[in-house]
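Oh and the sequence shown: position 144 is 799 in this note's numbering, straight run, nothing missing.
Structure record follows, encoded as structure tokens.
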Amino acid sequence: MAVIEEPAAAAAVLDPIRARLLAELRTPASAAAVAARIGLPRQKVNYHLKELERHGLVQLVEEHRKGNVTERIMGAAARSFVISPAALPGVAPDPALEPNRLSARWMLAVAARLVRDVGALITGADRANKRLATFALDGELTFASAADRAAFIAELAAGTAQLVEKYHSATAAGGRKHRLVVALHPSVKPVSGVKAPEAHPQLPAGTPGLAKEQ
656 MAVIEEPAAA AAVLDPIRAR LLAELRTPAS AAAVAARIGL PRQKVNYHLK
706 ELERHGLVQL VEEHRKGNVT ERIMGAAARS FVISPAALPG VAPDPALEPN
756 RLSARWMLAV AARLVRDVGA LITGADRANK RLATFALDGE LTFASAADRA
806 AFIAELAAGT AQLVEKYHSA TAAGGRKHRL VVALHPSVKP VSGVKAPEAH
856 PQLPAGTPGL AKEQ
């Protein structure tokens, strides 16, 4: 996965043709081969590939000499991309501007900040060729009633506060600052014809739904 933080790169990847080219170039290919697959003139594909290459979204994999012509084999810089809110300076969501911490908009602003911050960390770690230690939980559960949901939230908040109080060390010399985000929202109903994300119906104690260290 690659993180797009520059506005110009974000604009480039949002073009439908260029987004299609990135998907096609998960497997490296020449402009001629891609043009034949998607039914566009090779010159047009070449133009869009040059724009994607200019923003570092595709890269040269190898070159083949065919007579007087050099065929360039291009590949996507990553298998998937995410656009960071950093690409929207001045209008990116800010949790501080959403006073109601119980609102879905505040949650979305927090999630946007998470994407921005983790994206910046991934970019920095990639440039330094270092691993980035992160941790995440992802799961799905069903509440029997609204009262159960409220009780779950209260217990989750209390338990999280206890853990923070136990491990937070504001005065520790050389302490490692981390940001903690806990969220709960209703599951989204699957769209017809679109495969729903894999659900994790149970999260046994001490077992993360997804734990990631990059």
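Glycine included, every Cβ here is placed at the ideal spot set by N, Cα and C.
In the DSSP assignment, R804 falls within the unbroken alpha helix (DSSP H) covering A801 to Y822. Inclusion of V689 and L680 in the CB contact set at 8 Å is warranted, their separation being smaller than that value. In this structure, P748 lies away from A732, with their beta-carbon atoms at least 8 Å apart. The beta carbon of D772 sits closer than 8 Å to the beta carbons of R834 from its chain, once the five residues preceding and following it are set aside; these are given in chain order. Shown here for S735: same chain residues with a beta carbon closer than 7 Å to its own, the five before and five after excluded, namely M656 in chain order. The three-state reading of DSSP puts M729 in strand, counting E and B together.
Excluding five sequence positions before and after V836, the CB atoms of its chain that fall closer than 7 Å to its own CB belong to V765 and L769, given in chain order. Within the same chain, I659, E660, E661, P662, A664 and A665 come within 8 Å of A742 by CB-CB distance, once the 5 residues on both sides are set aside. Listed as beta-bridge partners of L715 by DSSP are M729. Beta-bridge partners of V724 (DSSP): K721.
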